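Read through the structure below, which is laid out as structure tokens, and then see the notes.
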Amino acid sequence: MESFLIGSFHKPPSSLPFPATAEVFSLPTGSRVAAQNCNCKALNNPENNYAMAMRLQFHRQLATHKNVRSNDERIVLSSPRRTSKYLVNATSENSHESEPSKSHWRSIQHALDAFYRFSRPHTVIGTALSIMSVSLLAVEKLSDFSPLFFTGVLEAIAAALLMNIYIVGLNQLSDIEVDKVNKPHLPLASGEYSVTMAVMIVSSFAFFSLGWMVGSWPLFWALFISFVLGTAYSINVSSFFYRYQFYSSCHWTENFITMHVYGRPAVFSKSLIFATAFMSFFSVVVALFKDIPDIVGDKIFGIRSFTVRLGQQRVFWICISLLEMAYLVALSVGVTSSCIWSKWITVIGHIVLASLLWNRANSIDLKNKNAITSFYMFIWKLFYAEYLIIPLVR
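Using this note's numbering, you'd call the opening residue of the sequence shown number 253 and step up by one each time.
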């Protein structure tokens with residue numbers, strides 16, 4: 253923005269007209285740009301000031317077209333009848349400030365966002381909740397909430413999250429071309445991550461997960477089982493068997509987690525058996541539903557998933573039916589509970605979840621991929637909700 257500063261002059265009488273020569277000089281070079289004679293009255297006359305400003309603006313534009321404009325211009329108004337000079341400075345404030353700090357911050361934000369998408373956050377949340385839920389399920393008395401308990405839970409969560417990111421990363425490495433169609437927002441599919449970079453990430457996470465030195469064999473075996481089945485699941489992306497085994501193993505390995513947290517053999521109580529059976533059944537639904545939004549890419553690359561073979565609508569309603577059956581079983585477990593508060597929480601909680609599922613299922617447009625993907629994430633939210641209820645099942 254350009255500003256005009258007028259200063260250091262003797263004000264002439266307002267009634268005395270005088271000719272003035274407006275000369276525009278470029279200070280860096282000292283070369284004259286333009287001259288114009290104009291008759292003005294006093295400079296304090298608003299109309300004359302406005303006219304003069306318009307003429308000066310015209311000459312600046314003319315100088316610009318002649319490529320002689322500079323950043324700092326000085327305008328000298330002189331009168332042949334008077335020795336006074338009227339000085340006007342026009343300064344162009346074209347500041348081109350570099351923003352290295354902002355650029356650096358944007359780079360950090362972009363890197364964090366890419367890793368966030370690479371880690372598949374819905375699986376990270378599910379892993380953390382599953383460990384906390386089963387650990388709380390084994391609590392028998394208040395004295396179980398000891399420093400050893402919290403330390404064991406944190407160790408288990410940290411190791412499991414490292415393994416989780418290894419598995420989802422390996423799955424993306426094995427499925428790059430398909431993801432370019434089905435999940436183009438993922439870093440490998442979009443090109444934000446190179447294959448080399450992704451290999452380094454998954455290798456590091458696998459190493460740190462298995463090398464988690466906490467002196468706990470139950471935790472080691474839990475991680476090792478997840479490593480073996482997760483690797484098989486990721487490499488054989490079209491195999492429903494490996495996919496189901498991976499998801500269900502996440503719940504069986506929680507028994508080892510319980511042994512690690514409490515330092516004692518897992519007691520297969522009614523609650524733990526229910527939790528393991530229910531979430532294993534839930535895993536079948538997740539394994540089936542995962543392919544419904546990906547039908548286009550699976551068809552292109554010849555992946556014979558259940559959705560490709562049976563169709564989206566049929567597989568969708570199979571998943572809904574299986575989940576509703578699981579909720580009915582959970583209701584029966586709640587009704588037979590001898591603990592009053594646990595009975596009410598289990599029954600009411602699963603009625604609410606079953607109702608939400610049914611209402612949402614009847615309002616979905618199966619021809620809309622975004623709607624199907626949103627529903628898949630809704631199933632994960634039901635997954636989370638179940639982990640919140642499980643510790644209260646007694």
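Using N, Cα and C, we set each Cβ at its ideal position, and we do this for glycine too.
What you are looking at is a predicted structure, and each value in this text was computed from that prediction instead of being measured.
- Around the beta carbon of H602, 16 or more other beta carbons lie within 10 angstroms, which makes this residue buried.
- Along the length of the stretch 580–642, whole alpha helix (DSSP H) runs at least 4 residues long occupy 592–613 and 621–641, reported in chain order.
- In this structure, I487 lies near S426, with their beta-carbon atoms less than 9 angstroms apart.
- Relative to the Cα of V548, the nearest Cα in the group I525, Q564, D396 and G463 belongs to Q564.
- Nearest in C-alpha terms to A363, of all of I419, P439, I417 and I477, is P439.
- In this structure, DSSP gives A390 a state outside helix and strand, which the three-state scheme calls coil.
- Closest in C-alpha terms to V599, from the list V587, F553, S461 and T625, comes V587.
- Judged by pairs of C-beta atoms under 8 angstroms, the stretch 474–485 touches the stretch 412–431, as three or more such pairs exist.
- Here the stretch 606–623 does not lie against the stretch 520–527, with fewer than 3 beta-carbon pairs under 8 angstroms apart.
- Rounded to whole angstroms, the gap between the alpha carbons of C571 and K354 is 47 angstroms.
- In this structure, the beta-carbon distance from S385 to A527 falls below 9 angstroms.
- Taking the C-beta atoms as reference points, D546 is found no nearer than 9 angstroms to K393.
- Between P643 and L389, the CB-CB gap stays under 9 angstroms.
- Judged by their CB atoms, L540 and F553 are not nearer to each other than the 9 angstroms cut-off.
- L575 has its alpha-carbon roughly 8 angstroms from the corresponding atom of F533.
- Taken in chain order, the whole alpha helix (DSSP H) runs of length 4 or more contained in the stretch 432–472 are 439–442 and 447–462.
- By the neighbour-count criterion, in which a residue is buried when 16 or more other Cβ atoms sit within 10 angstroms of its Cβ, G463 is exposed.
- Under the three-state reduction of DSSP, P373 is assigned to helix.
- Boundaries of the alpha helix (DSSP H) harbouring P399: P399 to L425, taken from the DSSP string.
- The Cβ-Cβ distance between Y636 and I377 falls below 9 angstroms.
- Apart from sequence neighbours up to five positions away, no residue of its chain approaches M449 with a beta-carbon distance below 8 angstroms.
- Look at P352 here: in three-state DSSP terms it is helix.
- In this structure N611 is exposed. Its beta-carbon is surrounded by fewer than 16 other beta-carbon atoms within 10 angstroms.
- Rounded to the nearest angstrom, the Cβ distance from M629 to H374 is 6 angstroms, consistent with a contact under 8 angstroms.
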